[in-house]
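First up is the structure itself, then whatever we jot down about it.
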């Protein structure tokens, strides 16, 4: 066992994997060059790896069983350096750090690296795998346009998650309950899924950031609005219909997705995305017919469907395909039809996740 402040740490494959995960969170190019770097600190028996930018702070702690550091040592490395090295190698701390054969001339000093955001002040909520799965599915319905920043977030309200871009709306019931509305940038849902999707994590917040942590990972995310409170997020649940549908039934998810992929391929073939992947669905008691037409090309395909009565509507094939991706716990998806000019509702059989799709009226 080594006790030293003039420290060299062996970068094994697991340590390098942790360093690269942090490096991928750092922006490739940023007006603030500091954000393109990663800080690595050796302290006690731990190697603490940090990444930060204007929206997120990430920390990973890796245990070093064979090294004890009496006085902490730190180095700041550019993300591209980390992403291009291979293990095993060695990191030597000091005024001019060495990484393997490379002697580095730091652009950023360890003390100039951004500090961690304030710790959360709320009570912690234990979020399980189902929550992170719902979060990733909700991100598909969040707005990509910056015209309405609030819609680029996923809203936590009561025991549910909401997301909407104006054309589709996603709702998922969870087994957790939030004491206040919170909004989380949808762009980080995939990152959270990679970090915590298998193990779950604790979640808490303060006035500026939402925190998640577990198993040596800590991440703080700032919402795309000025305050973490989601009270300005639209009342998405209100748009989900509560009246009796004209027709209802079930559809075969896999068969429908395959048919929709054919429609999407047709529009890509003729390079007519301006038609918005337009298609019609004519439903009967035991089947439905999906039809699309573009520049002399026509597609018509029967798909399995059990309906209470016949129905007809026009939808965007991409949006319907996305909705079926979001409802992937079963191959049988329920639907409710309220009219050819009224949004189309899809849900899982347990009713815990729903997607509402705007119809095309022209």
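Residue numbers (the working numbering): 11 to 372.
Virtual Cβ for every residue (Gly too), placed ideally from N, Cα, C.
In this text the structure is predicted, and so the values were computed from the model without any measurement.
* Under a three-way DSSP split, which group does residue 339 fall into? -> coil
* Ordered list of beta strand (DSSP E) runs contained in the stretch 42-115, each at least 3 residues -> 47-54, 56-62, 66-73, 77-88 and 99-102
* Per DSSP, what kind of secondary structure is residue 145 in: helix, strand or coil? -> In this structure, residue 145 counts as helix in the three-state DSSP scheme.
* Sequence-distant residues of its chain with Cβ nearer than 6 Å to residue 166 (five each side left out) -> So the list reads 188 and 192, once near-sequence residues are dropped.
* Determine the direct distance from the alpha carbon of residue 34 to that of residue 228, and round the result to whole angstroms. => 15 Å
* For residue 112, which option in 255, 98, 124 and 91 has the closest C-alpha, if you only look at C-alpha atoms? -> 91
* Euclidean distance between Cα positions of residue 257 and residue 295 -> 10 Å
* To do: Identify whether residue 316 lies in helix, strand or coil by the three-state DSSP scheme.
  => strand
* To do: Name the residue from 145, 45, 78 and 93 whose alpha carbon lies nearest to the alpha carbon of residue 118.
  => 45
* Asked: How about residue 373 and residue 327: do their beta carbons lie closer than 8 Å?
  -> Given a span of 11 to 372 for the chain in the structure shown, any question on residue 373 remains unanswerable.
* Asked: Just curious, the alpha helix (DSSP H) that residue 277 is in, first and last residue?
  -> 263-280
* Can you list, in chain order, the stretches of the beta strand (DSSP E) that have 3 or more residues and sit fully within the stretch 178-211? -> Runs found: 178-183 and 192-195.
* Rounded separation between residue 8 and residue 348 - CA only -> No statement about residue 8 is possible, as the shown extent of the chain runs from 11 to 372 and does not include it.
* **Boundaries of the alpha helix (DSSP H) in which residue 356 is found, first to last residue** => Residue 356: not part of any alpha helix (DSSP H); member of the beta strand (DSSP E) spanning 354-357, first to last residue.
* Is residue 309 helix, strand or coil by DSSP? -> strand
* **Span separating the alpha-carbon of residue 98 from that of residue 30** => 14 Å
* **CB of residue 74 within 8 Å of CB of residue 85, strictly** => no
* To do: Return the bridge partner residues of residue 260 from the DSSP annotation.
  => 316 and 344
* Going by other Cβ atoms of all chains shown within 10 Å of its Cβ, with 16 needed for buried, is residue 201 buried or exposed? -> A residue is called buried when at least 16 other Cβ atoms come within 10 angstroms of its Cβ; residue 201 meets this threshold and is buried.
* Grouping DSSP H, G and I as helix and E and B as strand, with all else coil, what is residue 231? -> DSSP places residue 231 in strand when its eight states are reduced to three.
* To do: Would you kindly report the start and end of the unbroken beta strand (DSSP E) that includes residue 21?
  => 18-21
* **Under 8 Å between C-beta atoms of residue 356 and residue 337** => yes
* To do: Quickly, what does DSSP pair residue 243 with across the bridge? List them, please.
  => BP columns for residue 243 are empty, so no partner.
* **DSSP three-state assignment for residue 34, whether helix, strand or coil** => The DSSP-derived three-state label of residue 34 is helix.
* **Close Cβ partners of residue 28 (< 6 Å) along its chain, the five nearest in sequence each way excluded** => Its chain contains 59, 70 and 72 as the residues whose beta carbon lies nearer than 6 Å to that of residue 28, once the 5 sequence neighbours on both sides are disregarded; these appear in chain order.
* To do: Grab me the residues of residue 214's own chain with a C-beta within less than 6 Å of its C-beta, minus the 5 sequence neighbours each way, in chain order.
  => 130, 132, 134 and 221
* **Extent of the continuous beta strand (DSSP E) run through residue 166** => 163-167
* Test item: CB-CB of residue 231 and residue 180 under 8 Å -> no
* For residue 194 versus residue 164, is the C-beta spacing smaller than 8 Å? -> yes
* Backbone CA spacing between residue 368 and residue 140 [nearest angstrom] -> Between residue 368 and residue 140, the C-alpha separation is close to 27 Å.
* To do: Have a look at 159, 186 and 185 and flag the residue whose alpha-carbon is nearest the alpha-carbon of residue 173.
  => It is 159.
* Of all the options 184, 370, 55 and 251, which has the alpha carbon lying nearest to the alpha carbon of residue 351? -> 370
* Following the continuous beta strand (DSSP E) through residue 365, name the residue where it begins and the one where it ends. => 363-367
* To do: For residue 119, name the three-state secondary structure that DSSP assigns.
  => coil
* Looking at C-alpha atoms only, which residue of 267, 281 and 271 is the closest neighbour of residue 379? -> One cannot answer for residue 379 here, as it falls past the ends of the chain, which runs 11 to 372.
* To do: Consult DSSP for residue 300 and reduce its assignment to one of helix, strand or coil.
  => strand
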